[in-house]
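K.L.:
Going by the numbering used here, the first residue of the sequence shown is number 1, and it counts up by one from there. Heads up, the beta-carbon is just placed ideally off N, CA and C, and yes, glycines get one too.
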Amino acid sequence: MLLPGTLKTFSNTKPSPGHDGLSLTNAQARHRTASRRLMRLLQVNMAALAALGTFLLAMGQQSRWLMGLALVSSLISLLLVDLTRIFSLPRWVTNILLIAALVVTGFDVLRYSGPLHVLIVANLLVYIQCVLQFQQKDARIYRYLLMLSIFQVVSACAFFHGVIFGLLLVVYLILALTALLLVTYFGEWDAQETNWQVDCRATQESRSSPLFISVTSDPPDPRAPLGINGALLGRLARVVVSSALFSGVVFLVVPRLSTRPWPGIAPAPVRTVGFDAAITLEEVGDLLDDPTPVMRVEVATLDGEPLGYVGPLYLRGGSLQVYYEKHWSLNPFFIQNEIRPLQPLFRGPGQSLFLQRIVLERTQGPEVFAIWPVGKWDDSPLLYDVDRTRVLRVTEDNRRTTYEMTTSALEFGRLADLVPATEPVRQAPFLQLPWVIFQPDWWGGRFVFHRDLYHRRGWNRLEELAAQWAKEAPWPEDDHFHLAKHFEQILAFSGEFQYSTEAVSRDPDLDPVVDFLTKSRKGHCEYFATALALLLRCRGIPTRIVIGYKTEEFNTLGGFYQARQRDAHAWVEAYLSPDKLSPELMGSRPSELWQYGAWLRLDPTPPSSSRAGANQTFWQRLWTTYTFLDYIWLKYVMQLDKVTQQAEVYQPVRRRVQEGVETLVRPERWRQTLSSVGAAIRRSLGEFSQWRTIGGSLVVVGLVAIGIFWLWRDPLRRIWIMKKLPLRRSWPPLADHVVVQVHGELQRLLERTHSPRLPGETPRAFVERVAQLQLASGSCECDGWTASARRIVDLYYRFRFGNHTPTALEVEDMAAALQTVRSALRGRRTINRRNNHVHKIDNPETR
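(1) Please classify residue 313: does DSSP put it in a helix, a strand, or coil?
(2) Does the distance from the C-beta atom of residue 449 to that of residue 435 stay below 8 Å?
(3) Report the three-state DSSP secondary structure of residue 601 (helix, strand or coil).
(4) Since residue 353 is in the beta strand (DSSP E), which residue starts that stretch and which ends it?
(5) Rounded to a whole number of angstroms, what is the C-alpha to C-alpha distance between residue 211 and residue 794?
(6) I'd like to know whether the C-beta atoms of residue 314 and residue 368 end up nearer to each other than 8 Å.
(7) Check whether the Cβ atoms of residue 186 and residue 244 lie closer than 8 Å to each other.
(8) May I ask you to report which of helix, strand or coil DSSP gives residue 569?
(9) Using only the alpha-carbon positions, how far apart do residue 343 and residue 371 sit?
(10) Any idea what DSSP makes of residue 248, helix, strand or coil?
(11) Under 8 Å, do residue 355 and residue 377 count as touching if we go by C-beta distance?
(12) Measuring CA to CA, which of 559, 604, 699 and 177 is closest to residue 498?
(13) Would you kindly report the start and end of the unbroken alpha helix (DSSP H) that includes residue 105?
(14) With a threshold of 7 Å, establish whether the CB of residue 108 neighbours any heavy atom of the ligand SAM.
(15) Please list, in chain order, all residues of the same chain as residue 484 whose beta carbon is under 7 Å from its beta carbon, the five residues on each side excluded.
(16) Would you mind reading off the limits of the beta strand (DSSP E) that contains residue 328?
(17) Within 10 Å of its beta-carbon, does residue 148 have 16 or more other beta-carbons around it, so buried, or fewer, so exposed?
(18) For residue 35, does the three-state DSSP call read helix, strand or coil?
(19) Consult DSSP for residue 823 and reduce its assignment to one of helix, strand or coil.
(20) Check each candidate in 163, 157, 142 and 188 and name the one with the smallest Cα separation from residue 176.
(21) On the CB-based measure, 16 or more other CB atoms within 10 Å of its CB, does residue 466 come out buried or exposed?
(22) Is residue 386 helix, strand or coil when you go by DSSP?
(23) Under 7 Å Cβ to Cβ from residue 699, same chain only, skipping five residues before and after it: list those, please.
(24) In its own chain, which residues sit with a C-beta less than 6 Å from the C-beta of residue 338, not counting the 5 before and 5 after it?
(25) Do residue 86 and residue 80 have their C-beta atoms closer together than 8 Å?
(26) In chain order, what residues of the same chain lie with their CB nearer than 8 Å to the CB of residue 637, ignoring the 5 residues before and after it?
(27) Thinking C-alpha only, which one of 322, 506 and 475 is nearest residue 534?
(28) Could you check the C-alpha separation between residue 299 and residue 418 for me, to the nearest Å?
(29) Could you check whether the Cβ of residue 483 sits closer than 8 Å to any Cβ belonging to chain C?
(30) Using only alpha-carbon positions, find the residue among 814, 118, 568 and 50 that is nearest to residue 746.
(31) Any idea what DSSP makes of residue 272, helix, strand or coil?
(32) Measure the CB-CB distance between residue 529 and residue 571 and report whether it falls below 8 Å.
(33) Give the C-beta separation of residue 580 and residue 312 to the nearest angstrom, bearing in mind that I take them to be a contact with Cβ-Cβ under 8 Å.
(34) So what does DSSP say about residue 580, is it helix, strand or coil?
(35) With a 10 Å radius around its C-beta and 16 neighbouring C-beta atoms as the bar for buried, classify residue 706 as buried or exposed.
(36) To the nearest angstrom, how far is the alpha carbon of residue 768 from that of residue 822?
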């Protein structure tokens, strides 16, 4: 017998016209049809489950061959073994393959150590699964495949994953629960075969009465797909939702024992193609269009309150000083080779510090990108490279990691262009020009002017252009701030220069920067930054090139910035000594902050039309939602350590509980809460007077809907409505539904007498058994209501299995019979409870 409530009965089944009953041959044929449907659904479900489980494992390993193996194995085994049955592995071949898989796994275990053993065992599960998929399957094989797939997913959780893994895990949960249900069906299906002998007895019973056909078991409906109904799908959905909610609550509530999150087994890091620690012109092209995510950045106060959008973010990865023959590098004569632990920023009077939380993806380089200037905040092991002004990671095992640092670069809710220098600055390295080279001699060496290089590579044109722009500026030569801003405006907004990532043909006799400024005025950010840095140096302004990322992609759902490889950027920082800072530039901040001068950020790159987008398209909004979900997944799942759990889970719950207790205990909190609620209600009613009308309408509509539901749910009231309303055209389908509902109401009335229907028991046998029990207990006279119940069952069988459409008179007859049964059995539930209680007291075995 199948599980109760899972497979539909013959609720929609009618034999072909011309038959008065359902023959045993037709029932067996339908049984076989339903059996094939169950088998096909189970085969497809298990193939999808096996492929998805291995796919989740391959996502962690980043193994394409494992993904291909799972897909090919599932498809081929489904077609050749399950659907067509033209091939299957013999048992001895299966044993040999399993032994070979164990031998290969044993060698791998001996060769590798540590966390790699997780990968080896997981791969063994995949090998065993592929072998078992090519066997003729029974309930035992299906259970093995289900357990192997679950173990693979458990192994996959050892890796570091994104939100796609979480979404696929939900799909896997649905498939796994469905597979578990179908495997249970498959195991119970053999027991269903024996119940057909009961059907034979039901057929013999039907011969005694032409109006009565007894079917002891409930065979599946051949017109329904396996008899899956809405009730079953609803139960399955409730199980999936409750399992997911329970797992989520347990995951959040169970205390973490470590202050650092489980990093997972990290695969090979992804090479950063947009950012490079050095700059070489004419090497960056289409690589800048790579949309691969690099990092997420949140900006907040030190108390953790998000600041939201603060304008374009410039995330420093390092800086360079010397340009020579297309290359930017460090000045070898001023290198300090000093790398020290990152220190906290000085928070002087009038200076505000802000928190920046960077979620950095897996990269090959050691750089940690951040808003500069940067200071230490948490216990993350970070170093500071003085020469390149960059932050470095200590660990070599690069994986997706979260860092928290401070910065003082925000002012009035925006990223400031001018920030105080945090240490003394030597200006000489930032004034080097490409035609001034170092010439060694016997006493050491000196810098000399290379005249041939100066004219041959066209550097004279660069100096002439710098002098021309300075002459056109309305500010004096010693006003370095406005002169630098003037040069920046010409490159970025004059329209004479165009931003492009495409390769441009350059004059080989000229330096690429000279060609960019005088001939082919097209290039990417490195050309613009190099040109501005050298032009300003020609006018005596110290500059340096900064490389990193510039992003304006702000996720409004999560409140964070998203930086991608295509956002790799280069810009310029010009140094302003203390004597070049006017009171207007220093503003209200004290002069002590400017004792070492300041650095002015300059971005001469014109805004790209591809990056400047006003309104988001549907796909951009969808991507924003995805990045927000990935942010939530990272913060509350992958990076949920002890500190985060305390701050994000325990403390908010504790605060809400304390507020609730204070509200219940303190009278002033009650008065305050009630007064605020009353004020809100009065304000709402004053502003929206139509709410009364809307609320009254909703109440009336709700009462009418409840009344209609109350009238329609009872079969007797439904029949009364059918007689009153002009429903003659739709009478046959309504009558069919009413007959089924009347029979269901009869069964519920009989079960209320504490006599549930037994498995395999026909409706008429159920009526007779309840009548005998009621007669034996002496609780009521059974002659009247038993005849009415038999009449209902007879009419139900004629409709269900006799291809008979009930008439209006027959429906009214069933209603009268149901009313008789209901009146007779009213109060029987209480009487039976009392009798059962007395029986338990009198029975010595229950004492």
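P.N.:
Result, derived from the coordinates:
(1) Strand, per DSSP.
(2) yes
(3) strand
(4) Where residue 353 is concerned, there is no enclosing beta strand (DSSP E), because DSSP gives it neither an H nor an E.
(5) Note that residue 211 scores a pLDDT of 40, beneath 50, so its modelled location is shaky; the value from the coordinates is reported in the next line. So the two alpha carbons sit approximately 6 Å from each other.
(6) Taking 8 Å as the Cβ cut-off, residue 314 and residue 368 do not qualify as a contacting pair.
(7) no
(8) strand
(9) Rounded to whole angstroms, residue 343 and residue 371 show a C-alpha spacing of 15 Å.
(10) helix
(11) yes
(12) 604
(13) Per DSSP, the unbroken alpha helix (DSSP H) holding residue 105 starts and ends at 91 to 111.
(14) The ligand SAM is absent from the structure shown, which contains no ligand whatsoever.
(15) 536, 541, 574, 600 and 602
(16) Following the DSSP letters along the chain, one finds residue 328 inside the beta strand (DSSP E) bounded by residues 327 to 329.
(17) buried
(18) Residue state, collapsed to three classes: helix.
(19) DSSP places residue 823 in helix when its eight states are reduced to three.
(20) 142
(21) Taking every protein chain shown into account, the CB of residue 466 has 16 or more other CB atoms within 10 angstroms, so this residue is buried.
(22) Here DSSP, grouped into helix, strand and coil, assigns residue 386 to coil.
(23) none
(24) 386
(25) yes
(26) 166 and 251
(27) Ranking 322, 506 and 475 by CA distance to the CA of residue 534 puts 322 first.
(28) 18 Å
(29) Judged by its chain identifiers, the structure shown contains no chain C, having just a single protein chain.
(30) 814
(31) For residue 272, the pLDDT reaches just 39, beneath the cut-off of 50, and the residue's location in the model is therefore unreliable, although a value from the coordinates is still provided. Reduced to three states, the DSSP call for residue 272 is coil.
(32) yes
(33) Incorrect: roughly 25 Å between the Cβ atoms, too far for contact.
(34) helix
(35) Residue 706 counts as exposed, since fewer than 16 other C-beta atoms from the protein chains shown sit within 10 angstroms of its C-beta.
(36) 16 Å
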